[in-house]
Amino acid sequence: MTARKPADPRWYQDAVIYETHVKAFYDGNGDGVGDFQGLTEKLDYLEALGVTCLWLLPFFPSPLRDDGYDIADYRDVHPSYGTLADFSRFLEEAHRRDLSVLIELVVNHTSDQHPWFQRARRSPPGSPERDFYVWSDDDRKFSGTRIIFTDTEKSNWTWDPEAKAFYWHRFFSHQPDLNFDNPAVIEQIERVMKFWLDLGVDGFRLDAIPYLVERDGTSCENLPETHAVIRRLRAFVDRHAPGCMLLAEANQWPEDVRPYFGDGDECHMAFHFPLMPRIFMGLRRESAAPIVDIMRRTPAIPPSCQWALFLRNHDELTLEMVTEDERAYMNLAYARDPRARVNVGIRRRLAPLVENGRRRIELLNALLFSFPGTPIVYYGDELGMGDDVLRPDRDGVRTPMQWRGEPSAGFSSRPPEALYSLPVTDPVYGVQAVNVEAQLADRSSLLHWMRNLIRLRRQFRVFGRGTLEFLPAANPRVLAYVRRLDSDVVLCVANLSRHAQPAELDLSGFEGYTPVEMLGYTPFPRVGRTPYLLTLAGYGFLWFELRREG
Ligand code: NOJ
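Residue 206 is where the sequence shown starts when you use the working numbering, and the numbers rise one by one after that.
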């Protein structure tokens, strides 16, 4: 199969992305581990949910010491998840339902089990094979570089007795960094991309992309040399599969992420990391300020580009892109239990972060789906699934998808103890309380609500492509903003407080317009000359289409 030519080359600007692990979604062959066969069987569920793109976490052969981000073979499928033929069948079925598929390109590092590394450590210093990785005789080079996995790693260098040299790694010590100063490495990466493009994938998430190139005397992040590599990878994609989307995982401040879009010649999309914790901060402080501040600090991006927005994902709620004070506040507000913390972040899912507050879950999703960018839903968060902070590393947010109220969650025919991970069992979030089957049968469930929200969002292109203007609000607990695309105008108002709040909005630019509430399709009083008055319930939000009369 070859890549689909998307009807609209900017398809990702209107997408709704769903992130999942193949291993966690559905076990099709009854061995206790989710697989491509199972994922394919559940595509109808995803189609009915209304998402338009699936982002799959790494599914390649791997020793799985970093859940697959430690790749041992870039051009195959981990045998637990199926075969390449299963992948192709999955892709075909996804495409048949108009679902795009985004896969991981984890090229900053490989597993230490990758044949390239095994070959490198045995080859003489200076040889092309050795030069696939970054070596040093001492561990003092690049000393200005921070450590990312602070809980496990003390240094970015590890001694290799076989090579008799130190090798460089920004993550776990079993994940040596590839040497992007070596053109042979880039050629290999292009071959990997070509392999998956030829199979028909629609995009790549570029994992850990700020760290490709190292230079002494720098932080070894965001270097011009790294951007040069990304431009080359982009040009490669444009030549071989125009329309294939590149998504940058650059956990950086907005001004440092901006260059990953280049002049529209690097990545099509990039995650907005700093926005995410500030949404949670705004909610807890009942204040619009943190959200408004970070959006004001967010530079404009080229028209062909797009932010990727998320509330939660497979990692911890990272607190790297906040100040010391903000970090202390977030830990106090959301992770009083120190076991909920990992590295520089909080290992919790969406629902437990907000104490299972349904109105808060809805409010956060309303922000996610109405802010400028493409929303990403982490699997299970559409149900309000919980987590387990007692599991190692980030495993507690990667438990089996909860399909039915059965011991194995309807995820597998095997008993719970034979699954890759025990499902969540606590009384609030466990399989009995939270599962797809029950929520489908319950018209007022979160799942039905999410389906509606997704459907609504997809009807209005302005959400994905429109501009953003904040309205000055007399009430600091209320966030009010206008999204505009040509003549389409949407007004969003959100109450971050748990109590009812008044909002007095200056809509003078819209005099004579009629706000039509979008979820119920209810016309509200016409905008006049005086400030527009609204009352919002605690954690309430309203979306209005502003219609010009006549
Ligand atoms: C970023 C991924 O999101 C994370 O899960 C992984 O551990 C690191 N990259 C290292 O590969």
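Where is the CB? At the ideal position from N, CA and C, for every residue including glycine.
Ends of the beta strand (DSSP E) at residue i?
i    : result
D365 : W362 to D365
G467 : Unbroken run through G467: none, as it is neither H nor E.
M474 : M474 to F476
Y686 : V683 to L690
P707 : Q706 to L710
I222 : I222 to T225
D693 : D693 to N700
F371 : A370 to W373
G408 : G408 to L411
F515 : Q511 to F515
F749 : F746 to R753
P720 : Y718 to E722
F668 : Note, F668: premise wrong, no beta strand (DSSP E); alpha helix (DSSP H) at V667 to R670.
L259 : C258 to L261
Using beta-carbon positions only, say whether residue i and residue j come within less than 9 Å of one another.
i    : j    : result
T363 : S424 : no
S692 : D236 : no
L383 : Y338 : yes
D278 : P263 : no
E761 : G717 : Nothing in the structure corresponds to residue 761, since the chain is present only between 206 and 755.
T740 : A708 : yes
P580 : I308 : no
E471 : A446 : no
W321 : W373 : no
G245 : A299 : Before going further, note that residue 245 is Thr rather than Gly in the sequence given. In this structure, A299 lies closer than 9 Å to T245 by Cβ.
I414 : A455 : yes
A699 : A533 : no
G469 : S509 : yes
A614 : P620 : no
G591 : Y634 : yes
D275 : F377 : yes
L624 : V311 : no
L488 : L569 : yes
V306 : D407 : yes
Locate the alpha helix (DSSP H) running through residue i, then write down its first and last residues.
i    : result
A614 : A614 -> no alpha helix (DSSP H), and no H or E assigned at all.
I308 : First-last for I308: S305 to L310, but that is the beta strand (DSSP E), not the alpha helix (DSSP H).
V641 : V641 to A646
S396 : Per the sequence shown, the amino acid found at residue 396 is Arg instead of Ser. Looking at the DSSP string, the run of the alpha helix (DSSP H) that includes R396 is P388 to L404.
W321 : P320 to R327
P557 : L555 to L558
P628 : Here P628 belongs to no alpha helix (DSSP H), and DSSP marks it neither H nor E.
L296 : L289 to R301
Q759 : Past the boundaries of the shown model lies residue 759; the chain is included only from 206 to 755, so the question cannot be answered.
L785 : Here the chain comprises residues numbered 206 to 755, so residue 785 is not present and cannot be evaluated.
P736 : Unbroken run through P736: none, as it is neither H nor E.
Mind reading off the beta-carbon distance from residue i to residue j? Whole number of angstroms is fine, and I expect it under 8 Å.
i    : j    : result
S626 : R603 : 7 Å
R565 : G601 : 21 Å between Cβ atoms; not a contact.
L651 : G589 : 5 Å
L710 : L747 : Incorrect: roughly 11 Å between the Cβ atoms, too far for contact.
V549 : E525 : 5 Å
R302 : E252 : 5 Å
F400 : I391 : Actually they are not in contact, since the Cβ atoms of F400 and I391 sit about 15 Å apart, beyond 8 Å.
R662 : F574 : 5 Å
M606 : G585 : 6 Å
E419 : F347 : 5 Å
F466 : F515 : With 8 Å as the limit, F466 and F515 do not qualify as a contact, their Cβ atoms being about 18 Å apart.
A313 : R375 : Sequence check: residue 313 is Asn here, not Ala. Contact holds; Cβ gap of about 7 Å.
Y583 : H519 : 7 Å
D317 : P388 : So it is not a contact: roughly 23 Å between Cβ atoms.
A360 : D342 : Before going further, note that residue 360 is Ser rather than Ala in the sequence given. Actually they do not touch by this definition, with Cβ atoms about 15 Å apart.
Give the secondary structure of residue i by DSSP, where H, G and I count as helix, E and B as strand, and everything else as coil.
i    : result
M481 : helix
T579 : strand
P214 : coil
A433 : helix
I276 : coil
S146 : Nothing about residue 146 can be read from this structure; the chain reaches only from 206 to 755.
E246 : helix
E460 : helix
W608 : coil
D382 : strand
F574 : helix
M535 : helix
P728 : strand
M450 : strand
H351 : It is Arg, not His, that sits at residue 351 in the sequence shown. R351: coil per DSSP, three-state reduction.
G550 : strand
S316 : coil
S492 : coil
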